[in-house]
Every structure is written in C-alpha cells, then in structure tokens.
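For reference, the structure discussed in these notes is given below.
In my numbering, the protein residues as written are 14 to 259.
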C-alpha cells in the first residue's frame with residue numbers, strides 16, 4: 014500500500030486538494046483510503062441517542078456499525094498511528110495532517126511564510142492557495158490541485174512508494190525517514206530497504222503484518238529451529254509454517 018500525507022495550516026486549501034486528489038485516483042481505478050488527523054478535539058462519529066452512541070456511552074471499547082453498503086469501527090481508546098494505518102487495505106492511503114511516520118508529503122500553504130515554517134525533507138509537492146502565485150519553491154514543484162489535478166496525481170503516481178517498515182533498524186544505513194528522503198530524491202529505491210527485501214520471517218497479527226529488526230528475526234529463527242530440531246519429522250533447510258490460534 015502506498016501512503017502519503019497532505020498537511021498545512023487551516024484555510025490553506027488542503028481539504029479541497031485532498032478531495033480532488035482522491036477523486037482523480039479513483040477515476041484512474043485505484044482503491045483509496047483516507048485518514049483525518051484531528052489535533053484539537055476527539056473524533057465524533059455519532060449522534061446523541063443513537064444505538065451506537067449509547068453502546069459507546071455504556072463503556073464499549075470498540076463500537077461497530079454495519080449496513081448493506083457501509084461499515085465502520087470506532088475505537089474508544091488511543092490507537093498508534095502505524096497500527097491504525099495497517100487496518101487499511103487500499104492501493105493508496107491519503108493522510109490529512111502529520112503523523113509520526115516517514116511517508117512522502119504534500120505541503121498545502123497559503124503564503125510563503127507558511128512554506129518556510131512547515132517545509133520538511135519529505136515534501137515532494139506543494140499545493141494550496143500559494144499555487145496561485147508561484148510554480149516552484151526550492152526545487153519543489155508547486156501545483157494547483159484544483160486546476161491541475163491530473164498533473165499533481167501524475168506526480169503522486171511517480172513519487173509515492175509502498176510504506177516502509179517504520180522500525181528504524183538502519184540496516185540500509187539510514188532510519189526510515191532518511192531512506193524515504195533518498196527514495197524521493199531518486200538516490201535510493203524501495204528495493205534498497207533491507208527489511209522489505211530480506212525478511213525471512215513473515216508475521217501476521219490478525220491481518221496486519223509485523224516487521225522485525227534483523228537481530229530479532231535471527232533470534233526468532235534460532236529459537237524456533239532449536240526447539241523443533243530434536244523432533245521427529247524436522248528437516249534442516251525446509252521452510253517452516255507456524256500458525257497460532259486463540
């Protein structure tokens with residue numbers, strides 16, 4: 014799944030830009046997910062008096078709503094950003110706001126001062142109201158998402174890559190933010206991520222993948238093989254499949 018974020022101050026035009034980007038990605042045949050990061054208040058999802066509201070008020074940790082054409086899950090406790098992202102199974106995931114993960118970013122700004130305050134090394138495009146007055150900022154293309162939606166989505170298709178493991182193992186020589194920055198610059202490729210290419214251990218917690226740093230991966234391999242090796246039927250060099258059910 015390819016993940017990118019769009020962030021910027023309020024009134025910069027980012028929500029309108031996101032709407033156009035999602036529409037164009039859908040038009041091109043992609044399955045698209047979207048996350049809104051709320052900074053100043055809790056996410057509200059139901060009206061007072063409705064059944065799901067009453068379930069939540071009764072103390073349910075997770076409340077679900079299911080109909081013929083829609084479904085929703087609401088968590089009434091803090092969920093880590095990466096765990097939440099892993100719930101999505103789409104071609105692209107668009108995040109409105111800044112989460113503490115290393116992904117390509119589009120900066121939405123209304124003025125040059127906002128660019129100077131918010132720009133960072135993972136920004137590959139700029140949009141928002143500032144796009145009415147400039148076409149480039151420090152080598153970064155400035156594209157009006159409302160007037161040149163197709164151009165911006167072309168760039169997204171070209172620049173955005175699958176989500177890095179976010180474990181900062183530095184096996185590639187960099188943490189995940191450093192690797193993401195170099196992929197955006199064309200200096201590295203997603204295939205240079207050692208964990209994504211080498212992981213000999215594939216762990217799924219439910220439907221969510223879990224990545225291990227190399228030393229933990231090797232430790233787990235040695236423990237499991239050491240435990241199984243005395244048993245009848247074990248063969249060295251064979252692929253192992255272990256499934257644990259609750």
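All C-beta atoms in this analysis are idealised placements derived from N, C-alpha and C, irrespective of residue type, glycine included. Since the model is a prediction, treat every value here as computed from it, not as a measurement.
Among residues of its own chain, excluding the 5 on either side of residue i, which ones have a beta-carbon nearer than 8 angstroms to its beta-carbon?
i, result
"residue 155", "138, 139, 140, 143, 144, 147, 148, 149"
"residue 109", "18, 19, 20, 27, 28, 31, 47, 48, 49, 50"
"residue 43", "103, 104, 105"
"residue 96", "221"
Terminal residues of the continuous alpha helix (DSSP H) containing residue i?
i, result
"residue 232", "227-241"
"residue 191", "189-198"
"residue 208", "207-211"
"residue 70", "64-70"
"residue 171", "162-172"
Within the same chain, show all residues whose beta-carbon is closer than 6 angstroms to that of residue i, passing over the 5 residues directly before and after it, in chain order.
i, result
"residue 88", "75"
Go to residue i, then tell me how far its beta strand (DSSP E) extends in each direction, as first and last residue.
i, result
"residue 222", "221-223"
"residue 49", "45-49"
"residue 216", "216-218"
In the DSSP assignment, what are the bridge partners of residue i?
i, result
"residue 78", "85"
"residue 16", "106"
"residue 94", "Per DSSP, none; premise fails for residue 94."
"residue 178", "Answer by DSSP bridge pairing: none, since residue 178 is not bridged."
"residue 29", "None, per the DSSP bridge assignment."
"residue 153", "150"
Return the chain-ordered list of same chain residues with a C-beta closer than 7 angstroms to the C-beta of residue i, the five sequence neighbours on each side being excluded.
i, result
"residue 94", "112, 113, 114"
"residue 214", "225, 230, 233, 234"
"residue 92", "none"
"residue 210", "204"
*At 3 residues or longer, and completely inside the segment 112-140: list those beta strand (DSSP E) runs for me, N to C.*
Entirely contained in the segment 112-140, the beta strand (DSSP E) runs reaching 3 residues are, in chain order, 118-121, 136-140.
*Report yes or no: do the segment 171-187 and the segment 15-25 share at least 3 C-beta pairs separated by less than 8 angstroms?*
At 8 angstroms Cβ cutoff, the stretches touch.
_Inter-stretch contact at 8 angstroms, needing at least 3 Cβ pairs: the segment 194-207 / the segment 237-245_ = As far as the Cβ criterion goes, the segment 194-207 does not touch the segment 237-245, which means the pair count is below three.
*Is the segment 152-170 touching the segment 181-188, taking contact as three or more C-beta pairs under 8 angstroms?*
Not touching, per the Cβ criterion.
*Assess, as a yes-or-no matter, whether the segment 191-201 is touched by the segment 110-121 under the definition of 3 or more beta carbon pairs within less than 8 angstroms.*
Yes: the two stretches touch, three or more of their Cβ pairs being nearer than 8 angstroms.
_For the pair the segment 125-139 and the segment 61-74, tell me if three or more CB-CB distances fall below 8 angstroms._
Contact between the segment 125-139 and the segment 61-74 is absent, because fewer than three Cβ pairs lie under 8 angstroms.
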